[in-house]
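J.: Before I ask anything, let me first share the structure, which is written out below as structure tokens.
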Amino acid sequence: MLDNIKLGQYLHGDSWYYRLDPRGKLVMSTFFIVIIFMANNWITYLAATLFTLLIVLTSGVPLKYFYRSIKPIVVLIFFTFFLNLFFYRTGTPLPPLNIIINKIIVIIYGVFVALLITFRFTKVIDRYIIPKIFKITTLVFILINILLSYGLNYTEFSWSFHWIIYKNALINGGYIILRLILIISMSSLLTFTTKPTDLTLAIEHVLSPLKIFKFPVSELALMISISLRFIPTLLEETQKVLKAQTSRGADFTEGNIKDKVIQIISLLVPMFIISFKRAEELANAMEARGYIPGRKRTSLRELRWRFTDNIYVLSFILLTAFFIYFRS
Amino acid sequence: MKTNHQKVLVIVEIALLTALAVIFDLIANLTQIQLFPNGGSISISMLPVFVLAYRRGLIPGLVSGLLLGTLQTILGVTYYLFFLQFLLDYTLAYGLVGFAGVFFKWVQSNNNKYQIIGIISGTILGGFLRYFSHVLSGVIYWARYIDSTDSVDFSKGVTWGDWLFSMGYNATYMVPSVIICAIILVIFNKVARRIYTVD
Numbered sequence: 001m002l003d004n005i006k007l008g009q010y011l012h013g014d015s016w017y018y019r020l021d022p023r024g025k026l027v028m029s030t031f032f033i034v035i036i037f038m039a040n041n042w043i044t045y046l047a048a049t050l051f052t053l054l055i056v057l058t059s060g061v062p063l064k065y066f067y068r069s070i071k072p073i074v075v076l077i078f079f080t081f082f083l084n085l086f087f088y089r090t091g092t093p094l095p096p097l098n099i100i101i102n103k104i105i106v107i108i109y110g111v112f113v114a115l116l117i118t119f120r121f122t123k124v125i126d127r128y129i130i131p132k133i134f135k136i137t138t139l140v141f142i143l144i145n146i147l148l149s150y151g152l153n154y155t156e157f158s159w160s161f162h163w164i165i166y167k168n169a170l171i172n173g174g175y176i177i178l179r180l181i182l183i184i185s186m187s188s189l190l191t192f193t194t195k196p197t198d199l200t201l202a203i204e205h206v207l208s209p210l211k212i213f214k215f216p217v218s219e220l221a222l223m224i225s226i227s228l229r230f231i232p233t234l235l236e237e238t239q240k241v242l243k244a245q246t247s248r249g250a251d252f253t254e255g256n257i258k259d260k261v262i263q264i265i266s267l268l269v270p271m272f273i274i275s276f277k278r279a280e281e282l283a284n285a286m287e288a289r290g291y292i293p294g295r296k297r298t299s300l301r302e303l304r305w306r307f308t309d310n311i312y313v314l315s316f317i318l319l320t321a322f323f324i325y326f327r328s
Numbered sequence: 329m330k331t332n333h334q335k336v337l338v339i340v341e342i343a344l345l346t347a348l349a350v351i352f353d354l355i356a357n358l359t360q361i362q363l364f365p366n367g368g369s370i371s372i373s374m375l376p377v378f379v380l381a382y383r384r385g386l387i388p389g390l391v392s393g394l395l396l397g398t399l400q401t402i403l404g405v406t407y408y409l410f411f412l413q414f415l416l417d418y419t420l421a422y423g424l425v426g427f428a429g430v431f432f433k434w435v436q437s438n439n440n441k442y443q444i445i446g447i448i449s450g451t452i453l454g455g456f457l458r459y460f461s462h463v464l465s466g467v468i469y470w471a472r473y474i475d476s477t478d479s480v481d482f483s484k485g486v487t488w489g490d491w492l493f494s495m496g497y498n499a500t501y502m503v504p505s506v507i508i509c510a511i512i513l514v515i516f517n518k519v520a521r522r523i524y525t526v527d
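If you read the protein sequences in the order shown, they are chains A and B. Counting from 1, one number per residue, gives the positions in the first sequence under our numbering. Counting from 329, one number per residue, gives the positions in the second sequence under our numbering.
Written out as structure tokens, the structure reads:
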């Protein structure tokens, strides 16, 4: 059950992007998400896409991993796109769709959403239920849509469905999809190419100005590193407890909700007690080695800011300048 | 005045229980239906934050919540749509769960009735604050992000539909999560009281 868990998203590899300073990567990834909202016409979006593509293709991370990180959010992306299609009402309208085409669209949309939801369920639910879920979701979506298309005119809710699609809505929807994909690609690239420990160090450095306000930045970073270090250890313990309780007759997959809660508690209580015990031991060990909260500490790993990092930061500034100049 | 040992112990406990929360999240992802994209799964990952808030008080609870949000970012299980959404859905949402620690004194009291009332109200308070944070993020997403390619635009009004949609969507996973957490936490108080008390 717990064997196929992969912790974090870091992929081993080596390229110019891997060698960049994690501070620069962290700050620039955040910066990218802020500036992408400045893009509002085809030329700025083209620039943003080319820029991201260039980084993604030269980063040495296989494209399938980006596809994998976008996949879970496909539902949200399409949902946003369709809602946008019907709510966005500026610019020139496309010729009004006649009622038969409407129904076809509704049915296709319903089937599409039902398919997506069904695929989500397939992992965990018995196979014979799948057709049932599929039928129900399709039916519900088609019903809702047909109901909405017939005069349910809540002006207060601004839910007036006239089924007129505007040209700008299509373009805007395309931009939204593009923007989401770009944002997710950029932020997953950061976690793909940076070790969690490096990222923690980078966070500590980036937050260090908060030290002026007596904000315990280094303690926070220490807690993050301890957490990261102990996730695999505690996962192993969880596995042990799981096996021990299973051998005593606990069954975590079967039974009604009441049974399940009792089974889960038989797993949770030992886990909490083990964590507290480990905490006691670790605290003693840290104290024995002279750890005092609030004192200045040195680090085994030092981050180094190289020349390529300057170029990386500069490229983002140039992109921003391009956005400011060419946006409408 | 806290001794150095106590300070270190609290720091380490926060770190380990947050690690435990991440593990619960991982287990939940394997065993449960992952239908909602942004953090919306019925999971017990809030449990360690509640336990810490009842065991060590308000501040450790808050720190543990914030840490959980940050940890999920580092591990890359988050969905980053825009900056405010990110803050509201992860950092702030989990951080607010720590407010259950307001009822620290109640849970620590010797009266069994007070303990249970404290646990339940704390769980509801923490859960509600997290729910509110998600609702707010949803409203901003649906009301602002869709309509405007420009940026998050605050000049337009928010319709009731936006609120209703966001509240409904987020309630689908938050309400079961809070109920399950409350049940488990109350049973903890009965079968393993030492989780909440420091000897």
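Every residue, glycine too, gets a C-beta built ideally from N, C-alpha and C.
Where does Thr-238 of chain A land, buried or exposed, given buried means 16+ other C-beta within 10 angstroms?
T.: It is buried - the Cβ of Thr-238 of chain A has at least 16 other Cβ atoms within 10 Å.
J.: Compute the distance between the beta-carbons of Leu-403 of chain B and Ile-342 of chain B, then report whether it is under 8 Å.
T.: no
J.: Can you tell me where the alpha helix (DSSP H) with Val-27 of chain A in it begins and where it stops?
T.: Counting along the chain, the alpha helix (DSSP H) containing Val-27 of chain A begins and ends at 22 to 35.
J.: For Lys-25 of chain A, is the classification buried or exposed, using 16 other Cβ atoms within 10 angstroms of its Cβ as the cut-off for buried?
T.: Per the 10 Å Cβ criterion, buried.
J.: List the residues of chain A whose Cβ lies closer than 8 Å to the Cβ of Thr-525 of chain B, in chain order.
T.: Chain A residues near Thr-525 of chain B: none, gap ~11 Å exceeds 8 Å.
J.: Run through DSSP, which three-state label would Phe-215 of chain A get?
T.: Three-state result, Phe-215 of chain A: coil.
J.: Counting along the chain, where does the alpha helix (DSSP H) carrying Arg-384 of chain B start and finish?
T.: For Arg-384 of chain B, the enclosing alpha helix (DSSP H) stretches over residues 375 to 384.
J.: In three-state DSSP terms, what is Leu-63 of chain A?
T.: In the displayed model, Leu-63 of chain A falls within a helix according to three-state DSSP.
J.: Could you name each continuous alpha helix (DSSP H) segment of 4 residues or more that falls completely within the stretch 222 to 305 of chain A, going from the start of the chain to the end?
T.: Fully contained in the stretch 222 to 305 of chain A are the following alpha helix (DSSP H) runs of length 4 or more, in chain order: 257 to 288.
J.: Is the beta carbon of Gly-429 of chain B closer than 8 Å to that of Leu-390 of chain B?
T.: A contact, by the Cβ cut-off of 8 Å.
J.: Drop a sphere of 10 angstroms on the beta-carbon of Asn-440 of chain B, count the other beta-carbons inside from all chains shown, and report buried for 16 or more, exposed for fewer.
T.: Burial call: exposed.
J.: Roughly how many angstroms separate the alpha carbons of Ile-35 of chain A and Leu-182 of chain A, rounded to a whole number?
T.: In a straight line, the C-alpha of Ile-35 of chain A is about 12 Å away from that of Leu-182 of chain A.
J.: Would you grab the beta carbon distance between Ser-494 of chain B and Val-463 of chain B for me? Rounded to a whole angstrom, and I think it's under 8 Å.
T.: 5 Å
J.: Can the beta-carbon of Gly-446 of chain B be found less than 8 Å from the beta-carbon of Phe-378 of chain B?
T.: No, the pair does not count as a contact, with Cβ atoms beyond the cut-off.
J.: Chain A beta carbons: is any one of them nearer than 8 Å to that of Lys-335 of chain B?
T.: Cβ-Cβ to chain A under 8 Å: yes for Lys-335 of chain B.
J.: Should Asn-439 of chain B be listed as close to the ligand FAD, given that the test is whether its C-beta is under 7 Å from any heavy atom?
T.: Summarising the ligand content, the structure contains no ligands, and the ligand FAD is consequently not present.
J.: Below 8 Å, can you find three or more Cβ-Cβ pairs linking the stretch 282 to 296 of chain A to the stretch 330 to 347 of chain B?
T.: yes
J.: Please name the residue, chosen from B:Ser-373, B:Gln-400, B:Phe-352, B:Trp-491, that lies closest to Gly-454 of chain B on a Cα-to-Cα basis.
T.: B:Ser-373
J.: Out of B:Trp-491, B:Val-340, B:Leu-513, B:Val-467, which one is the CA nearest neighbour of Leu-268 of chain A?
T.: B:Leu-513
J.: For Ile-372 of chain B, name the three-state secondary structure that DSSP assigns.
T.: coil
J.: Against chain B, with Cβ distances strictly below 8 Å, would Pro-62 of chain A count as a contact?
T.: Output row for Pro-62 of chain A: interface = no.
J.: Helix, strand or coil for Gln-329 of chain A per DSSP?
T.: One cannot answer for residue 329 of chain A here, as it falls past the ends of chain A, which runs 1 to 328.
J.: Find the nearest neighbour of Leu-386 of chain B within the set B:Tyr-418, B:Leu-344, B:Val-435, judged by alpha-carbon distance.
T.: Out of B:Tyr-418, B:Leu-344, B:Val-435, B:Val-435 has the C-alpha closest to the C-alpha of Leu-386 of chain B.
J.: With distance defined between alpha-carbon atoms, name the residue in B:Thr-331, B:Val-340, B:Lys-330, B:Asn-332 nearest to Leu-282 of chain A.
T.: B:Val-340
J.: Could you tell me whether any Cβ in chain A is nearer than 8 Å to the Cβ of Phe-516 of chain B?
T.: yes
J.: Cβ of Thr-200 of chain A less than 8 Å from any chain B Cβ?
T.: yes
J.: Shortest alpha-carbon distance to Ser-225 of chain A belongs to which of B:Ala-347, B:Asp-417, B:Val-467?
T.: Selection B:Ala-347, B:Asp-417, B:Val-467 evaluated against Ser-225 of chain A yields B:Ala-347 as nearest (Cα-Cα).
J.: Using the Cβ count rule (16 or more neighbours within 10 Å means buried), how would you classify Ala-421 of chain B?
T.: buried
J.: If you reduce the DSSP assignment to three classes, tell me which class Asp-309 of chain A lands in.
T.: helix
J.: For Tyr-442 of chain B, which three-state DSSP category applies?
T.: helix
J.: Can you look up Gly-151 of chain A in the DSSP assignment and give me helix, strand or coil?
T.: Bear in mind that a pLDDT of 46 at Gly-151 of chain A, under 50, signals an unreliable position, so the model cannot answer this.
J.: Verify whether the separation of the beta carbon atoms of Pro-22 of chain A and Ala-221 of chain A is less than 8 Å.
T.: no
J.: Tell me the DSSP secondary structure of Lys-195 of chain A in three-state form.
T.: DSSP places Lys-195 of chain A outside both helix and strand once states are collapsed to three, so it counts as coil.
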